[in-house]
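Enquirer:
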Amino acid sequence: MLRARDGDAAAWTALVERHTETLWAVARSWRLSDADCADVVQITWLRLVERLDTIREPEAVGAWLVVTARREAGRTARERGHEPLGAASAALPPPDDVVAGREQVCAVGTALRGLPRRCRDLLRLAALVPRQAELAAALDIPVGGVGPTRARCLQQLRRKLVS
């Protein structure tokens, strides 16, 4: 966190890679749309940038991000008329389903880490940036190359998941 605050791009990348999946999980727990979840995650990172110099315990940045995401997701959910998944106990899945789901998420995360960096970056950004033009600009590739490249990366991910 301290290196990121000092402008170390690699430290920022590591921070984002470490915490983004958790922020998405927090946003999804409020039953938000994918677009609203993406907004919550992006706003959470923006809040960190805005308050970078005020964080007193850099080692607790993960907890700070989760609390911030929870607050932002709650605000967004209230605007949309949603409740968090835990609010209605009848909506909770059976524990076996929760465990299976977590195992699946872990398997996908492990498979993602085994992909080449270009594919990891593309797939992570594609989850956040729905427009191909923005995705192409962020990755510095032609707009027409986004779809085929994404398809190849997804195929590599599928192969890793079945092996």
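For the sequence shown, the tail end lands on 163 under the UniProt record's numbering, and the numbers increase by one without skipping.
Cβ coordinates follow ideal geometry from the N, Cα and C atoms, glycine included.
(1) Does DSSP classify residue 114 as helix, strand or coil?
(2) Verify whether the separation of the beta carbon atoms of residue 135 and residue 125 is less than 7 Å.
(3) Is it buried or exposed, residue 36, if we count other Cβ atoms within 10 angstroms and call 16 or more buried?
(4) Of the residues 108, 55 and 152, which one's Cα is nearest the Cα of residue 163?
(5) Once DSSP output is grouped into helix, strand and coil, what is the label at residue 131?
(6) Starting from residue 147, trace the alpha helix (DSSP H) in both directions and tell me its first and last residue.
(7) Within a Cβ cutoff of 7 Å, which residues of the same chain sit near residue 88, ignoring the five residues on either side of it in sequence?
(8) So, residue 16 versus residue 27, is the Cβ gap smaller than 7 Å?
(9) Distance, Cα to Cα, residue 96 vs residue 25?
(10) Going by Cα to Cα distance, which pick from 133, 122, 56 and 58 is closest to residue 153?
(11) Going by the beta-carbon positions, is the gap between residue 213 and residue 77 smaller than 7 Å?
(12) Give me, in chain order, the residues of the same chain whose beta-carbon lies closer than 6 Å to that of residue 160; leave out the 5 immediate sequence neighbours on both sides.
Expert: On the basis of the data shown:
(1) It is coil, neither helix nor strand.
(2) Yes; because the gap between Cβ atoms is below 7 Å, this pair is in contact.
(3) Buried: at least 16 other Cβ atoms inside 10 Å.
(4) For the residues 108, 55 and 152, the minimum Cα distance to residue 163 belongs to 108.
(5) Residue 131 falls in the coil class under three-state DSSP.
(6) Residue 147 -> alpha helix (DSSP H) spans 143 to 162.
(7) Reliability of the predicted coordinates at residue 88 is poor, the pLDDT of 48 falling under 50, and the value obtained from them is presented with this limitation in mind. Once the five neighbours on either side are set aside, residue 88 has no close Cβ partner at all.
(8) Contact annotation: residue 16 and residue 27 have beta-carbon atoms that are not nearer than 7 Å.
(9) If I take the Cα positions, the gap works out to 18 Å.
(10) Closest in C-alpha terms to residue 153, from the list 133, 122, 56 and 58, comes 122.
(11) The structure shown has nothing for residue 213, since the chain only spans 1 to 163.
(12) Hits under 6 Å: 111 and 114.
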